[in-house]
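Colleague: Positions 616 to 872 (this note's numbering) are the ones given, in order, by the sequence shown.
Quick one: the structure is below, and I'll ask about it shortly.
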Amino acid sequence: MSDPNPYQSPSSEVMDESNSPGVLGPPQSMPAGCGWSWIAEGFAIFRAGPGPWMGMMIVYVLIMFVVGILPLISIVLVNILAPLLMAGFMIASRRGATSGRIEFADMFAAVQEKSTPLILFGLIVLGFSALIMIICGVLFFSSVADSMDAAQFGGAPDAKFLLAVLIYLGLLIPLMMGAWFAPALIVFHDLGPWDAFTTSFKGCLVNIIPFLLYGIISLILMIPAMIPLLLGMLVLGQTLIGSIYAAYKDIFLVTEQ
616 MSDPNPYQSP
626 SSEVMDESNS
636 PGVLGPPQSM
646 PAGCGWSWIA
656 EGFAIFRAGP
666 GPWMGMMIVY
676 VLIMFVVGIL
686 PLISIVLVNI
696 LAPLLMAGFM
706 IASRRGATSG
716 RIEFADMFAA
726 VQEKSTPLIL
736 FGLIVLGFSA
746 LIMIICGVLF
756 FSSVADSMDA
766 AQFGGAPDAK
776 FLLAVLIYLG
786 LLIPLMMGAW
796 FAPALIVFHD
806 LGPWDAFTTS
816 FKGCLVNIIP
826 FLLYGIISLI
836 LMIPAMIPLL
846 LGMLVLGQTL
856 IGSIYAAYKD
866 IFLVTEQ
């Protein structure tokens, strides 16, 4: 079976039902101001159906909480479920952006449509995460041992700990870039797990500046969102999910002439 073309026209039923305004094209570099406009559009998508969005967010948190306390298999299940549910959020975001309404059932729509590639993608992320933890874990424990020796003999702490932190961030950020748009690319455009990962990474890479602004604004918004018993995080969480769809649309979709 040949690999799908990352830039082919989408053919899934999910795409047909959502009346996409464009087709997948090469990642486009957007202005820095889009870092704010994506969040604003995400909030507009949230306002299309606050009730269903709140319900989806609560169910998502409950699912992840229950799965997270399971012994041994929790990490695997979280990595499998997260892309499936995030793809459902993307379907809901598309519906909210195009029709002005949200349906709670959208949260689980991707389970029926694209479960296999989304699960495989989750396993890819799990594999990379494990590799990162192994590399940084070796450096961390080595730095702890060296620091204890240095403290015992009155020397300076070992620099390997700082190196482990820098390597962790240096590997985690590309992993996040590859995962950011992948669920949307899989569910809307039939991309394979690895094609979705690399395409998402490229989309983030050519938009470093707007994503820096996006990250700063998101961090600032988290401060007031955490004040009212974290209830504001329900709104901010769904706003940021909607903003992922808004960014995906700007970066990847090309309007048909």
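Every residue, glycine too, gets a C-beta built ideally from N, C-alpha and C.
1. If you measure between the beta carbons of Gly657 and Thr854, is that distance less than 8 angstroms?
2. Does Arg716 pass the burial test, meaning 16 or more other C-beta atoms within 10 Å, or should it be called exposed?
3. On the CB-based measure, 16 or more other CB atoms within 10 Å of its CB, does Pro636 come out buried or exposed?
4. Is it right to say Ile856 is buried, meaning 16 or more other beta carbons lie within 10 angstroms of its own, or is it exposed?
5. From this set, Val821, Leu777, Val674, which residue's C-alpha is nearest Met701's C-alpha?
6. Leaving out five residues on either side along the sequence, give the residues of the same chain with a beta carbon under 7 angstroms from the beta carbon of Leu828.
7. DSSP on Val753, reduced to helix/strand/coil?
8. Val821 lies in the alpha helix (DSSP H); which residues open and close that run?
9. Does the Cβ of Thr870 have 16 or more other Cβ atoms within 10 Å, making it buried, or fewer, making it exposed?
10. Report the rounded CA-to-CA distance for Phe743 versus Ser714, giving the unit in angstroms.
11. My output table needs one value for Leu787: the three-state DSSP class, helix, strand or coil.
12. Go ahead and label Ala707 buried or exposed: buried means 16 or more other beta carbons lie within 10 angstroms of its beta carbon, across all protein chains shown.
13. Does the stretch 748-756 come into contact with the stretch 807-820, if we say contact requires no fewer than three beta-carbon pairs (one atom in each stretch) closer than 8 angstroms?
14. Need the endpoints of the beta strand (DSSP E) that Leu868 sits in, please.
15. Does the stretch 789-809 come close enough to the stretch 732-747 to have 3 or more Cβ pairs within less than 8 angstroms?
16. Are the CB atoms of Leu696 and Leu685 nearer to each other than 8 angstroms?
17. Looking at Leu836: is its Cβ nearer than 8 angstroms to the Cβ of Leu851?
18. Leaving out five residues on either side along the sequence, give the residues of the same chain with a beta carbon under 6 angstroms from the beta carbon of Leu849.
19. When the Cα of Asp721 is compared with those of Phe776, Gly664, Met748, which residue comes out closest?
Modeller: With the structure as the only source:
1. yes
2. exposed
3. Since pLDDT at Pro636 reaches only 45, below the 50 mark, its modelled position is unreliable, and no value is offered.
4. buried
5. Val674
6. Ala647, Gly650, Trp651
7. helix
8. Val821 -> no alpha helix (DSSP H), and no H or E assigned at all.
9. exposed
10. 37 angstroms
11. helix
12. buried
13. no
14. 868-870
15. yes
16. no
17. yes
18. Met669, Met672
19. Gly664
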